[in-house]
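The sequence shown maps to residues 109 to 756 in our numbering.
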Amino acid sequence: MFIFLPIISLITIFLLIHKNRNFWRDSLMLASIYWGTLLTAITEGLSFFSLITFGWILGTWVLICIILIVIYFRLNSQIIPTLKQNNYSQIKKDFQIKSSVNLLLCGVGFVVATVGLIAIIAPPNNWDSMDYHMSRVAYWIQNHTVAHYPTSYTPQLYQNPWSEFVILHFQILSGGDHFANLVQWFSMIGCILGVSLIAKQLGANLRGQVLSAVVTATIPMGILQASSTQNDYVVAFWVVCLAYYLLSTIQGGNSNIWMNSFNIGSSTGLAILSKGTAYFYVFPFLIWLALYQIKRLRWQAWKPALIVGSISLLLNISHYLRNYNLFASPLGEPGGYRNEILGVNILISNILRNIALHIGTPIGLWNGIANRLIQITHIFIGVDVNDPRITFSKTFFVPGGWSTIGITGNENSAGNFLHIALITICIIIFLTRKDIRKGSYIFGYLIASVSTFILFCYLVKWQAWNSRLHLPFFVLISPFLGVVLSKLKKKKIAIIIVAFMLISSLPWVFFNKYRPMIDSKNIFQTGRIEQYFSNRPFLKGTYTGAVEFLNYQKCSNIGLSMGNDPWEYPLWVLLKPNNQKVVKIQHINVTNISASLEKKDSYKNFEPCGIISMETKKSKQKKSIEINLKGKTYVRSWDSPELGVFIK
């Protein structure tokens, strides 16, 4: 039940904000920004004193809830009647629309509710969840701090942590990972509401706002990610907040410029704190903001810029410092994802190849023609389609197969075929319709949104799973699509288009490859432990056997020798039910830069009674008879093709 404390605080913040506002969607977005900033401050503050424990987390949220509720009743005693008398009419008005559009809203609600059910029932089982999203949370809970620790997989350290901060609080307060997937699901809801508000700012009527919401809710990659612990939807939400308050600043002139600067700074900071790709998505909008401020404020434009920059930096400073102290860079280790050569021809190449990730179908002829056309274009522009300097994956290809239409689709590589087609059509309509181009700020918004994709293509190497990193772009472009669709002369065409998108989204909802609702191994009939291994089912017996052996040995201090295969979170899940002593897990014989952390007091005295050695092909670790650690010898005592267990 303690999981509801952060939610209660969010609701109370919303009620306090909504007292003086007319639009509940706007109030909810602002409340989310304040709540996200508050959670960051709590996490970093408690971590500084190594107080990330159940007692301190619980006590902090109880205190915050009490303070907020007291403020609510003392200073805003008229909120409830005000909400009922003044704002209820606005909410009621929002939903008094034509039956056809109302049905679209019901469809969005069905998709969101179903994805939410999957998020709660299915455990985290995404590949990155096993590698670092959930593993880092387990270490933070064990170490009582979010400080860096020795590990064989450094992305657990330097990757931006806000999504995992929320999971950390949910996991400590609930005693498990049953709510970990909800961070992305809540972000999906926030994006749907946010894009409808942006569409309103761009001149869309209520119908156009609903169309924008439907377009967002039916993004295949979004549907798949919203029930996982990936963090691209989280980034998308904060960038949507940034875009919304940017438009509010432009439309409001000098009114509330300082408050909007705070909101923009917080949105920017939280986006960056969530994922490194946020830099690509916030930059065009910040450039737009800077140009507007210079035009309106002249030499005083530095003042709001200082507010935006200071708040963004303040939210990220602790993470930057942790990275700088270990990696000598606030961004951590270079990942090899940046293009090694630049140029117009490189940009054209990457735009084509990234779009190709979204145009695959089960029709082999279509895929072959698309692949051939892209290769011919590369010959014309003088670029090798597989040049390793601009290609992270080994070979370029146009995806194909049933997964391209939602049958066993997954959140690592799903494409958004209908959405990329709709974007193309709507841009053509926009360019040929003068009446739409005259809309307030819509042209500037389109340029900023498209620029995020262009900037991404210009700087980031092509890889087969880039489509998941495109999710914020598809969310950002949705308000534009809603506006254009709402301006079509034949209104029924827009309704038919989005209704088709709703229907076509259902396979993505029901046939998620790793969290299916309709399948012989669906989430209702498959055990939770087995679902953790959906990506690598052959490891289940190996992991279970290794943990049972360690439990039989009454071993509670366990060393991990993972090599290059850090697929470790299932080990945490299996080891925690061990009712012997408190289980402590630590990487041993680390060879990367984090090895220097083994000398710290928190880690240098660690003496495992057993060591689990990862010996898969990916780990690049050879089987051995013994492991030496700090002058002690550990002998191979349990064996399997993928794991070895060594006992002192």
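Note that the Cβ used here is the ideal one computed from N, Cα and C, for glycine as well.
None of the values given here were measured: they were computed from a predicted structure.
For H486, the enclosing alpha helix (DSSP H) begins and ends at G472 to I489. Cβ neighbours of F641 within its own chain (closer than 6 angstroms, five residues either side excluded): L647 and K648. Annotated as proximal: A344 and G330, with beta-carbon spacing under 9 angstroms. With respect to the C-alpha of N289, the residue from I550, E448, I226 and G508 having the closest C-alpha is I226. The beta carbons of I498 and I449 sit closer together than 9 angstroms. In the DSSP assignment, the residues bridged to Q694 are G667.
Nearest C-alpha to T699 among S374, G224 and T259: T259.
V493 sits in coil when the DSSP states are folded into three classes, being neither helix nor strand. Counting only runs of 4 or more residues that sit fully inside the segment 329-361, the alpha helix (DSSP H) segments are 340-360, in chain order. With a beta-carbon spacing of about 32 angstroms, L176 and T222 fall beyond the 8 angstroms limit used to define contacts. Judged by DSSP secondary structure, M722 falls within the beta strand (DSSP E) whose first and last residues are G718 to M722.
Beta-bridge pairing by DSSP links N371 to no other residue. Within the DSSP bridge table, the entry for N736 names T741 as partners. If the five residues before and after N368 are omitted, its C-beta is found closer than 6 angstroms to the C-beta atoms of Y353, S356 and T357, all from its own chain and listed in chain order. Apart from sequence neighbours up to five positions away, the residues of its chain that approach I111 with a beta-carbon distance below 8 angstroms are F278, L281, S282 and F287, ordered along the chain.
Counting only runs that start and end inside the segment 109-153, the alpha helix (DSSP H) elements of at least 4 residues fall at 112-126.
When the five nearest sequence neighbours on each side are left out, the beta carbons in the same chain lying within less than 6 angstroms of the beta carbon of R744 are those of I733, G752 and F754, in order along the chain.
Contact check for M238 against Y677 passes: the beta carbons are separated by less than 9 angstroms. For F561, DSSP assigns no beta-bridge partner whatsoever.
Counting along the chain, G653 sits inside the alpha helix (DSSP H) bounded by residues L647 to Y660.
K621 is a Cβ neighbour of S511, given a cutoff of 9 angstroms.
Residue nearest to N233 within the set Y400, W680 and N643 is N643 (criterion: CA-CA distance).
The beta carbon of A529 is closer than 7 angstroms to none in its chain, skipping five residues each way along the sequence. If you check the CB distance, S140 and T253 do not come in under 9 angstroms. Of the residues assessed, V452 falls on the exposed side of the cut-off, its CB having fewer than 16 other CB atoms within 10 angstroms.
Distance from the CA of L737 to the CA of P716, rounded to the nearest whole angstrom, comes to 9 angstroms. Straight-line spacing of the CA atoms in V655 and E152 works out to 33 angstroms. Pairing S336 with C349, the inter-Cα distance amounts to about 22 angstroms. At the C-beta level, G514 and S375 stay beyond 9 angstroms of one another. Between the alpha carbons of A149 and N524 lies a distance of about 36 angstroms. Bridge pairing for L751: M722 [DSSP]. DSSP, read as helix, strand or coil, puts R446 in strand.
A direct Cα-to-Cα measurement between H427 and W474 gives close to 46 angstroms.
Within the same chain, and ignoring the five residues on either side of L166 in sequence, the residues whose Cβ sits closer than 7 angstroms to its Cβ are F110 and L281.
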